[in-house]
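S.K.: Residue numbers (my numbering), protein chains in the order written: chain V, 1 to 130; chain X, 1001 to 1126.
Don't be surprised by glycine CBs; every beta carbon is placed ideally from N, CA and C.
Quantities reported herein were computed from a predicted structural model and do not represent experimental measurements.
1. Buried or exposed: where does residue 1070 of chain X fall if 16 or more other Cβ atoms within 10 Å of its Cβ makes it buried?
2. Which of the three DSSP states, helix, strand or coil, is assigned to residue 1067 of chain X?
3. Is the beta carbon of residue 43 of chain V less than 9 Å from the beta carbon of residue 58 of chain V?
4. Could one say the Cβ of residue 1005 of chain X lies closer than 9 Å to chain V's Cβ atoms, at least one of them?
5. Which whole-angstrom value describes the C-beta separation of residue 95 of chain V and residue 1062 of chain X, a residue pair presumed to lie in contact below a C-beta threshold of 8 Å?
6. Could you tell me whether the segment 1017 to 1031 of chain X touches the segment 89 to 109 of chain V, where touching means 3 or more Cβ pairs closer than 8 Å?
7. Assuming residue 1055 of chain X contacts residue 1027 of chain X under a Cβ cut-off of 8 Å, what Cβ separation, rounded to an integer in Å, is found between them?
8. Could you give the residue range of the alpha helix (DSSP H) that holds residue 1099 of chain X?
9. Using beta carbons (cut-off 9 Å, strictly below), is residue 1077 of chain X in contact with chain V?
10. Taking three-plus beta-carbon pairs below 8 Å as touching, is the segment 1089 to 1108 of chain X in contact with the segment 103 to 113 of chain V?
11. Taking DSSP as the reference, what is the three-state secondary structure of residue 39 of chain V?
12. Check residue 968 of chain X in the structure and name its three-state DSSP category.
13. How many Å lie between residue 1045 of chain X and residue 1095 of chain X at the Cα?
14. Between the alpha carbons of residue 15 of chain V and residue 1014 of chain X, how many angstroms are there, rounded?
15. For residue 1114 of chain X and residue 54 of chain V, what's the separation of their Cα atoms in angstroms?
16. Does the Cβ-Cβ distance between residue 37 of chain V and residue 1110 of chain X come in under 9 Å?
17. Can you list the residues of chain V that residue 1057 of chain X reaches, using a CB-CB cut of under 8 Å?
18. Give the single residue among V/49, V/13, V/35 whose Cα lies nearest to the Cα of residue 111 of chain V.
19. Within the same chain, show all residues whose beta-carbon is closer than 7 Å to that of residue 1072 of chain X, passing over the 5 residues directly before and after it, in chain order.
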């Protein structure tokens, strides 16, 4: 755990974290997701983070990445603001429940749930595109 | 779906999205984009833009709770995210220039690769 007071560490970041952030950012903007589906696997398989920490770090990294993408899309006028407000009202409640579960779940079931989640979404999207 | 019913359904679905987001460490776009296109009938580009607007507050709230529980490393996370921001702007501009169906197929293929890798690791590793 780093702290905000460790100023020297704020100036130092490993190259692989730069790559993880950049890949997450590009795919976030390209695909309309927060980039977590890119960053979580890279954090686990490449940066050797635990699955739990990878999920938490991914969520933190999504904050500036999605903020930048929102601005880009907002300029293009594609956002449905009322739908977003309704979804966000629910998701803020859900986030509390989900993070509470993340703090408690074991490593391997977490990895399995995450992998199955991605597989299910992929199948759904291929069916839709066909 | 229209009017009040639509927004009630969206809020309820938002709870599911937030729960999945907090547990899985993703913004929730992987759930919202298919839902907004298939169930609500938005275009692919509109669904992606709208989901990004939900991802932002969800990630902020989730990060707040995780920091309070001392899970992860928010300082590192924000640094990674700031580095990814330029990539995010470039990717979003690219998305506006591409047809929606190409995005779907690219997205799905990527998810399958990640899924197979993680499920294999969870069952075989160690």
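M.R.: Looking at the coordinates:
1. The sequence position of residue 1070 of chain X within the second chain is 70, counting from 1. Burial call: exposed.
2. For this step, residue 1067 of chain X is matched to residue 67 along the second chain. Correct three-state label for residue 1067 of chain X: helix.
3. Taking the first residue of the first chain as position 1, residue 43 of chain V is located at position 43. Taking the first residue of the first chain as position 1, residue 58 of chain V is located at position 58. Against a cut-off of 9 Å, the Cβ pair of residue 58 of chain V and residue 43 of chain V comes out as a contact.
4. Working through the second chain from its first residue, we reach residue 1005 of chain X at position 5. No - not a single Cβ of chain V is within 9 Å of the one on residue 1005 of chain X.
5. The residue given as residue 95 of chain V occupies position 95 in the first chain. The residue given as residue 1062 of chain X occupies position 62 in the second chain. Beta-carbon to beta-carbon, residue 95 of chain V and residue 1062 of chain X are separated by about 4 Å, close enough to satisfy the 8 Å threshold.
6. yes
7. On the second chain, position 55 is the one that residue 1055 of chain X refers to. On the second chain, position 27 is the one that residue 1027 of chain X refers to. About 3 Å; that satisfies the 8 Å criterion.
8. As a working note, residue 1099 of chain X is residue 99 in the second chain. Element bounds for residue 1099 of chain X: n/a, residue is neither H nor E.
9. As a first step, residue 1077 of chain X must be located in the second chain, where it is residue number 77. With 9 Å as the cut-off, residue 1077 of chain X counts as an interface residue toward chain V.
10. no
11. By one-based count along the first chain, residue 39 of chain V stands at place 39. Correct three-state label for residue 39 of chain V: helix.
12. Any answer about residue 968 of chain X is impossible in this case: the structure gives chain X only from 1001 up to 1126.
13. Looking up residue 1045 of chain X in the second chain gives position 45. Looking up residue 1095 of chain X in the second chain gives position 95. Cα to Cα, residue 1045 of chain X sits roughly 8 Å from residue 1095 of chain X.
14. Start at 1 with the first residue of the first chain, and residue 15 of chain V comes out as number 15. Start at 1 with the first residue of the second chain, and residue 1014 of chain X comes out as number 14. When rounded, the distance between both Cα atoms is 35 Å.
15. What you label residue 1114 of chain X is simply residue 114 of the second chain in a count that begins at 1. What you label residue 54 of chain V is simply residue 54 of the first chain in a count that begins at 1. For residue 1114 of chain X and residue 54 of chain V, the distance between alpha carbons rounds to 15 Å.
16. The sequence position of residue 37 of chain V within the first chain is 37, counting from 1. The sequence position of residue 1110 of chain X within the second chain is 110, counting from 1. Yes, these two residues count as a Cβ contact at 9 Å.
17. Taking the second chain and counting its residues from 1, the one referred to as residue 1057 of chain X is at position 57. Within chain V, the residues near residue 1057 of chain X are 88, 91, 92.
18. One-based indexing of the first chain puts residue 111 of chain V at position 111. The option with the nearest alpha carbon to residue 111 of chain V is V/49.
19. Along the second chain, read from residue 1 onward, the residue named residue 1072 of chain X stands at position 72. Closer than 7 Å at Cβ, skipping near neighbours: 1066.
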